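A.B. asks: According to this note's numbering, the sequence shown holds residues 5 to 338 in order. Glycine included, C-beta positions come from ideal geometry on N, C-alpha and C. Treat the numbers as computed from the prediction; the structure is a model and nothing was measured.
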Amino acid sequence: MSKSRLYSGMQPSADSLQVGNYIGALLQWRDLQDAYDAFFSVVDLHALTQPNDPAELREKTRRTAAQYIAAGIEPSKSTLYVQSHVRAHAELAWILSTITGFGEASRMTQFKDKSARYGTDATNVGLFTYPVLMAADILLYQTDIVPVGDDQKQHVELTRDLAERFNSRYGTAFTVPMATIQQDTARIYDLQNPTAKMSKSAESDAGVLWLLDDPAVSAKKIMRAVTDNDGSVRYDRESKPGVSNLLTIYAALTGRQVPSIEDEYAGRGYGDFKKGLAEVVVAEFGPVRERALELLADPAELDRVLASNADRAAEVADATLADVYDKVGLLRRR
Ligand code: AMP
Ligand code: TRP
């Protein structure tokens with residue numbers, strides 16, 4: 005029996021990914037790539053909805069791809085590619101936009117939040133149609149499951165609605181995908197502000213652990229992480245958000261259960277616990293960082309890998325797009 009298809013992606017929005025991306029996305033992707041026929045993209049077209057310097061965008065795109073590979077996504081096993089390398093994405097997005105309701109798109113909470121924050125004059129139309137492009141990403145590959153964070157659930161719901169609408173209006177062209185939402189335990193918070201999600205766009209750098217940082221810098225950030233006055237290493241998300249977050253990171257990186265870590269540090273201070281976690285982080289990120297820097301030192305080889313994976317992706321995507329063009333009645337070019 006053939007494997008189910010999986011699709012996910014991340015924007016190349018920073019030079020380095022942060023530990024939340026690593027634990028919340030990459031580690032899960034890595035673990036899923038054997039059981040599924042997996043496609044992972046660096047969604048550079050989506051990144052254009054944010055102000056970008058062209059040279060920096062190119063660099064961030066390579067860096068993001070290198071970190072996928074360094075974290076264990078194998079480009080010989082999974083199809084790891086850059087979204088803009090496969091033209092069908094932008095083309096299918098156009099077709100899907102013609103069956104998306106204006107009101108329907110207006111209800112997307114991520115767009116509402118962002119346009120409210122920046123004002124409609126500073127908001128581009130690309131940001132408004134962003135979820136339609138995401139639907140195109142997913143539907144081109146006849147995707148069964150889409151592992152994403154909670155914040156993307158509504159976009160996958162829209163994708164399902166569009167797939168069903170297209171299928172019933174024009175005949176079946178798409179698999180209707182399902183979101184698999186990552187577990188809450190995998191949510192990582194800012195080290196300085198442990199009630200806010202750790203994010204690439206955090207205002208202060210002190211609370212963010214970057215995958216490509218010098219490990220000594222990450223160790224220092226952990227030693228300075230906000231805790232509390234209670235003094236016991238115990239998981240309690242409500243009243244001890246700082247310590248709980250450190251426990252989550254510790255457990256995710258070691259594959260251990262939180263209670264076993266609590267036991268190990270029972271009766272010892274936060275200093276010991278933080279030192280222990282710093283060692284774990286250095287041991288985990290050190291090799292990932294080295295591998296990523298190695299890959300980035302040979303951009304021609306990295307580009308070659310991405311190109312051959314894009315070829316593989318285009319084969320699947322082009323077949324879906326051709327079927328869609330036929331079904332909606334576009335005249336075939338002979
Ligand atoms: P973003 O950088 O927000 O585009 O997120 C890319 C991926 O990383 C998505 O799958 C997110 O759910 C995941 N992610 C980002 N930040 C965190 C976090 N603090 N904790 C857990 N997962 C995260
Ligand atoms: N919008 C997603 C995010 O910000 C990234 C993304 C784009 C994506 N296309 C996708 C995720 C397709 C899953 C499937 O995290």
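Using only alpha-carbon positions, find the residue among Thr147, Leu49, Leu10, Arg67 that is nearest to Ala18.
C.D. replies: Arg67
A.B. asks: Hey, is Arg241 close to ligand 1, as in C-beta under 7 Å from one of its heavy atoms?
C.D. replies: Look at Arg241: its beta carbon is at least 7 Å from all of the heavy atoms in ligand 1.
A.B. asks: Would you say the beta carbon of Ile73 is closer than 7 Å to some non-hydrogen atom of ligand 1?
C.D. replies: no
A.B. asks: At a cut-off of 7 Å, would you count Ala150 as near ligand 2, judging by its Cβ distance to the nearest heavy atom?
C.D. replies: Here residue 150 turns out to be Val, not Ala, going by the sequence shown. Checking the Cβ of Val150 against ligand 2 gives yes.
A.B. asks: Give the DSSP bridge partners of Leu10, in chain order.
C.D. replies: Ala42, Ile149
A.B. asks: Mind checking Ala33: buried by the 16 CB within 10 Å criterion, or exposed?
C.D. replies: A quick correction: the sequence has Trp, not Ala, at residue 33. Classification for Trp33: buried.
A.B. asks: Find the nearest neighbour of Ala183 within the set Ser172, Lys157, Arg173, judged by alpha-carbon distance.
C.D. replies: Lys157
A.B. asks: Classify Leu52 as helix, strand or coil using the three-state DSSP reduction.
C.D. replies: coil
A.B. asks: Is it true that the region 223-240 meets the region 263-283, where meeting means three or more beta-carbon pairs spaced less than 8 Å apart?
C.D. replies: In short, these stretches touch, since the Cβ pair count reaches three.
A.B. asks: Please name the residue, chosen from Val180, Asp155, Thr163, that lies closest to Gln186 on a Cα-to-Cα basis.
C.D. replies: The option with the nearest alpha carbon to Gln186 is Asp155.
A.B. asks: Thinking Ala92 and Leu49 are a contact (beta carbons under 8 Å), I'd like their distance in whole angstroms, please.
C.D. replies: About 12 Å separates the two Cβ atoms, so there is no contact after all.
A.B. asks: Please list the terminal residues of the continuous alpha helix (DSSP H) segment that includes Ala74.
C.D. replies: 58-74
A.B. asks: Return yes when at least one heavy atom of ligand 2 lies under 7 Å from the C-beta of Asp141, else no.
C.D. replies: yes
A.B. asks: Can you find a heavy atom of ligand 2 that lies under 7 Å from the Cβ of Val47?
C.D. replies: yes
A.B. asks: Around the C-beta of Phe132, are 16 or more other C-beta atoms found within 10 angstroms, so that it is buried, or is it exposed?
C.D. replies: buried
A.B. asks: For a test of the three-state rule: what should DSSP assign to Thr176, helix, strand or coil?
C.D. replies: Residue state for Thr176 is assigned as coil, using DSSP reduced to three classes.
A.B. asks: Using 8 Å as the threshold, is the C-beta distance between Leu10 and Pro151 below it?
C.D. replies: yes
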